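Okay, structure first, notes after.
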Amino acid sequence: MGRQKHPQIVTANDLFEGDVIYLTGEGGWTRIHGEAAVTHDADEAQRLLAIAQAQPGQIVGAYLADATIGADGRPQPVHFREAFRTRGPSNYFHGKQAEA
Amino acid sequence: MYAYDDFDADFVRARVADFRKQVERRIDGSLTEDEFKPLRLMNGLYLQLHAYMLRVAIPYGTLNSRQMRQLAMIAERWDKGYGHFTTRQNIQFNWPKLKDVPDILDALADVEMHAIQTSGNCIRNVTADHFAGAAADEIEDPRPTAELLRQWSTDHPEFQFLPRKFKIAITGSPNDRAVTKAHDIGLRMVRNQAGEPGYEVIVGGGLGRTPMIGKTVRDFVPKADLLPYLEAILRVYNLAGRRDNKYKARIKILVHETGTEDITAMIEEAFAEQKALFQAPPADLVARIEAAFAPPDFDNTQSLAFDRAQADDPVFRSFVETNVTEHRNPAYGIVSVSLKPVGGTPGDASAEQMRVLADLAERYGHDELRVSHEQNIILPHVRKADIPAVHAALKEAGLATANIGLLSDIIACPGMDYCALATARSIPIAQEIATHFDALKLEREIGPLKIKISGCINACGHHHVGHIGILGLDKAGVENYQITLGGDGTETATIGERTGPGFAADDLIPAIEAIIDTYLDLRHTADETFLDAYRRLGAAPFKDAIYDDRHDSARAA
Chain A
1 MGRQKHPQIV TANDLFEGDV IYLTGEGGWT RIHGEAAVTH DADEAQRLLA IAQAQPGQIV
61 GAYLADATIG ADGRPQPVHF REAFRTRGPS NYFHGKQAEA
Chain B
101 MYAYDDFDAD FVRARVADFR KQVERRIDGS LTEDEFKPLR LMNGLYLQLH AYMLRVAIPY
161 GTLNSRQMRQ LAMIAERWDK GYGHFTTRQN IQFNWPKLKD VPDILDALAD VEMHAIQTSG
221 NCIRNVTADH FAGAAADEIE DPRPTAELLR QWSTDHPEFQ FLPRKFKIAI TGSPNDRAVT
281 KAHDIGLRMV RNQAGEPGYE VIVGGGLGRT PMIGKTVRDF VPKADLLPYL EAILRVYNLA
341 GRRDNKYKAR IKILVHETGT EDITAMIEEA FAEQKALFQA PPADLVARIE AAFAPPDFDN
401 TQSLAFDRAQ ADDPVFRSFV ETNVTEHRNP AYGIVSVSLK PVGGTPGDAS AEQMRVLADL
461 AERYGHDELR VSHEQNIILP HVRKADIPAV HAALKEAGLA TANIGLLSDI IACPGMDYCA
521 LATARSIPIA QEIATHFDAL KLEREIGPLK IKISGCINAC GHHHVGHIGI LGLDKAGVEN
581 YQITLGGDGT ETATIGERTG PGFAADDLIP AIEAIIDTYL DLRHTADETF LDAYRRLGAA
641 PFKDAIYDDR HDSARAA
């Protein structure tokens, strides 16, 4: 399938806590977007998604999300929805941003 | 207030016990998410953007102090210390952990509350006029009917898998504060020629992607016939409602596609059958429910304290102007407590504030609280002589915002700050509008104005019936806001008209200001409200104001 317009990461919600998580290169999960495994390759993206979906006892609703690569070499969200998911609600300081 | 009998209590406890086992089985891997999801939704548990969310029903918006304190306890023990009151008289906890939810539901059952049928394609929490039993304009308190509907609709075997969700609202007053015309079924109490109270039945209203004003299918249904009549409506819908397309599955589409005359005939035919078969609820049950909603023992002692406080204290006077409504008993007032402090999140209350409200209800309010669909809390029965003391306590708790019915009393859905379905944020828009106009000190000059904001087309923020409605959308990866004008959720219900292309978030506040400036310029007198002026003038001057040269960027959006 080849290279895609945007690199992609796999994200989901944690089954127990419900919070936003990202798949790492080791097949585990992180709360930090910048630590997510990134791929430019569509086949690799599907492989990562399959790794996530094979863990229904830990996660809910895995999907691929577009990312860009920041100056620090780490992935950053493209869409505003994904950006909010990295931080939590914007109405006041609470949720993920307050727990970092 | 209605108190659970053994049947109610056992039913709710049994559901909690079932759900506890279902959660255990999900956690140990016996249930997949696909299997578990419908079970958790039946118990009000959603998975949202950042966390699980538990939606708890507050039937017909009525609470006592013990229940409010329990909500505060739940907010502190299992959540982040606050709750969010919604446009359907529910409270939502935004941060529960999956394993804690059965304990939360047990804590709710301890105070006769539950989260049953707050999701799913069933009959949802029945909502009512938040001034029920207190309003001066009321024919009768509609809550005995609402409670009967709750009992009838809870776990009703025929109506657990409807084509889509089903919402019923009820009012006992000619002035509709329950948005009955925008519900699947709206019930408005009326009197027949003999002077007996019964219900006008309105069917097929709704907001969402296809907003519709409900159609009256019967001008008068006697109280005794109401349940079989509603059962007839639900039966027609259950059989004929579309199941092929989720977006066309609400009863409003069936009513629209069938036509009012034909759907009425279908309902009447089903009713004729149903009435003969229907087993009326036992008379002692009906009597028990009615007794539970008997008016409190009013204290009619006259006092000058209320008038004196108004004369002496301009802050109190201003609070009374907006937040106190005439009560059926002249010695009393209905106090609306705004959950819309300038810059705050509409509908949020901290655990501490919930306890203050519970204390005030207990001490001054015959132990009653209400949640309004406009996301405020009501103390429905406060002796006028006690209102100054209530106001002082509210001030102390940051709950004395005097803005009910004004510009900053904004309905906003949770939007993309919490909701997984949202396409844009709503709360920050409400915060910006309130903060901007607070700085201009124009709110009282502007007068009655309802701004309602939804963060997606599902319209939980009722934007279609806002005098100014705002709908947040995702336009090519950027938040974009459409404006509708002239909406009305009362007995003169109207769906607002879209002005035209949407606005980027930064251009939205100037556009709202241009709309309000146009109103202030063109109104005949200070008494002509925004809605009246809009109805007289039409959309043209407002459109001219927001799409003129200053807002060229909006055209491109």
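Line by line, the protein sequences are chains A and B. Everything in the first sequence is counted per the working numbering, starting at 1 for the first residue and increasing by one. Everything in the second sequence is counted per the working numbering, starting at 101 for the first residue and increasing by one. Cβ atoms here follow ideal geometry from the backbone N, Cα and C, with glycine treated the same way. Source: prediction; values computed, not measured.
**Request:** Might you give, ordered along the chain, the residues of its own chain that have their beta carbon closer than 7 Å to the beta carbon of D237 of chain B, omitting 5 neighbours on each side?
**Result:** S273, P274, N275
**Prompt:** Cβ of V20 of chain A within 8 Å of Cβ of I69 of chain A?
**Reply:** No.
**Message:** H230 of chain B and V112 of chain B - do their beta-carbons sit closer together than 8 Å?
**Reply:** No, they are not a contact pair.
**Message:** By the DSSP assignment, the beta strand (DSSP E) with F185 of chain B in it spans what residues?
**Reply:** 182-185
**Local conformation of M213 of chain B per DSSP, three classes** = Here M213 of chain B sits in coil by DSSP.
**Message:** As a quick exercise: from A:E99, A:P56, A:A71, A:V78, pick the residue whose alpha carbon is nearest that of L64 of chain A.
**Reply:** A:V78
**Prompt:** Does any C-beta atom of chain A lie closer than 8 Å to the C-beta of K199 of chain B?
**Reply:** yes
**Request:** Would you please state the rounded distance, in angstroms, between the beta carbons of A36 of chain A and I9 of chain A? I believe it to be under 8 Å.
**Result:** 4 Å
**Contact set for R264 of chain B: own chain, Cβ-Cβ below 6 Å, skip 5 residues either direction** = N221, A349, R350
**Item:** Separation of F119 of chain B from R177 of chain B, as counted between CA atoms
**Value:** Approximately 20 Å, taken between the alpha carbons.
**Message:** Counting C-beta neighbours from all protein chains within 10 Å, is the total for H491 of chain B 16 or more, i.e. buried, or is it exposed?
**Reply:** buried
**Request:** Please determine if the region 341-360 of chain B and the region 301-309 of chain B are in contact, where contact requires at least 3 C-beta pairs separated by less than 8 Å.
**Result:** The region 341-360 of chain B vs the region 301-309 of chain B: in contact.
**Item:** Reduced DSSP secondary structure (H/G/I, E/B, other) of Y581 of chain B
**Value:** In the three-state reduction of the DSSP assignment, Y581 of chain B falls in the strand class, which pools E and B.
**I389 of chain B, enclosing alpha helix (DSSP H) - first and last residue** = 383-392
**Message:** Distance check for P446 of chain B and A512 of chain B, CA to CA, integer angstroms please.
**Reply:** Between A512 of chain B and P446 of chain B, the C-alpha separation is close to 6 Å.
**Request:** Return yes when the C-beta of A640 of chain B is under 7 Å from any heavy atom of the ligand PLP, and no when it is not.
**Result:** Annotation note on the ligand PLP: not contained in the displayed structure, which lists no ligands.
**Request:** Alpha carbon to alpha carbon, how far is D648 of chain B from R655 of chain B? Give it in angstroms, no decimals.
**Result:** The predicted model places R655 of chain B with a pLDDT of 45, which falls under 50 and marks its position as unreliable; any figure quoted below should be read in that light. So the alpha carbons of these two residues sit roughly 9 Å apart.
**Prompt:** Below 8 Å between beta carbons: does that hold for K197 of chain B and G18 of chain A?
**Reply:** Yes, these two residues count as a Cβ contact at 8 Å.
**Request:** Specify the secondary structure class of D118 of chain B as computed by DSSP and reduced to three states.
**Result:** helix
**Request:** Would you kindly work out how many angstroms separate the C-alpha atoms of R623 of chain B and T592 of chain B, rounded to a whole number?
**Result:** 20 Å
**Buried or exposed by the 16-neighbour rule on C-beta atoms within 10 Å, applied to Y347 of chain B** = exposed
**Prompt:** Along chain B, in chain order, which residues have C-beta atoms closer than 7 Å to that of E44 of chain A?
**Reply:** Within chain B, not a single residue places a beta-carbon under 7 Å from that of E44 of chain A; the smallest gap is close to 24 Å.
**Message:** When you compare the CB of R525 of chain B with every CB in chain A, is at least one pair closer than 8 Å?
**Reply:** Answer yes: the Cβ-Cβ gap between R525 of chain B and chain A drops below 8 Å somewhere.
**Request:** Please compile the residues from chain A whose C-beta is within a distance smaller than 9 Å of the C-beta of Q260 of chain B.
**Result:** The contacting residues do not exist; Q260 of chain B stays about 24 Å from chain A at best.
**Prompt:** Relative to the C-alpha of H567 of chain B, which residue among B:N558, B:T584, B:D574, B:G555 is closest?
**Reply:** B:T584
**Request:** Leaving out five residues on either side along the sequence, give the residues of the same chain with a beta carbon under 6 Å from the beta carbon of V211 of chain B.
**Result:** R166, Q167, Q170
**Asked** What are the residues of the region 495-516 of chain B that lie near chain A, defined by any Cβ-Cβ distance shorter than 8 Å?
**Response** M516
**Request:** Using a Cβ-Cβ cut-off of less than 8 Å, give me the residues of the region 7-26 of chain A that come near chain B, in sequence order.
**Result:** N13, L15, F16, E17, G18, D19, V20
**Item:** Inter-residue Cα distance where the pair is L542 of chain B and D617 of chain B
**Value:** 10 Å
**chain B contacts made by the region 72-100 of chain A, where a contact means CB separation under 8 Å** = Of all residues in the region 72-100 of chain A, V78, H79, F80, R81, F84, R85, G88, P89, S90, N91, Y92, H94, G95, K96 have a Cβ within less than 8 Å of some Cβ in chain B.
**Message:** So, under 8 Å CB-CB, K267 of chain B and H283 of chain B are touching, yes? Tell me the CB distance rounded to an integer number of Å.
**Reply:** The beta-carbon distance between K267 of chain B and H283 of chain B, rounded to whole angstroms, is 5 Å. This is short enough to meet the 8 Å contact definition.
**Asked** Apart from the five residues on each side of it in sequence, which residues of its chain come closer than 7 Å, Cβ to Cβ, to T594 of chain B?
**Response** G586, G587, D588
**Request:** Look at I389 of chain B and L248 of chain B and say whether their C-beta atoms are less than 8 Å apart.
**Result:** yes
**Asked** Between which two residues does the beta strand (DSSP E) carrying T422 of chain B extend?
**Response** Counting along the chain, T422 of chain B falls outside any beta strand (DSSP E), though it belongs to the alpha helix (DSSP H) covering 414-423.
**Request:** Give the straight-line distance between the Cα atoms of I270 of chain B and G161 of chain B, rounded to the nearest whole angstrom.
**Result:** 11 Å
**Request:** Determine the burial state of Q192 of chain B: buried for a count of at least 16 other Cβ atoms within 10 Å of its Cβ, exposed for fewer.
**Result:** buried
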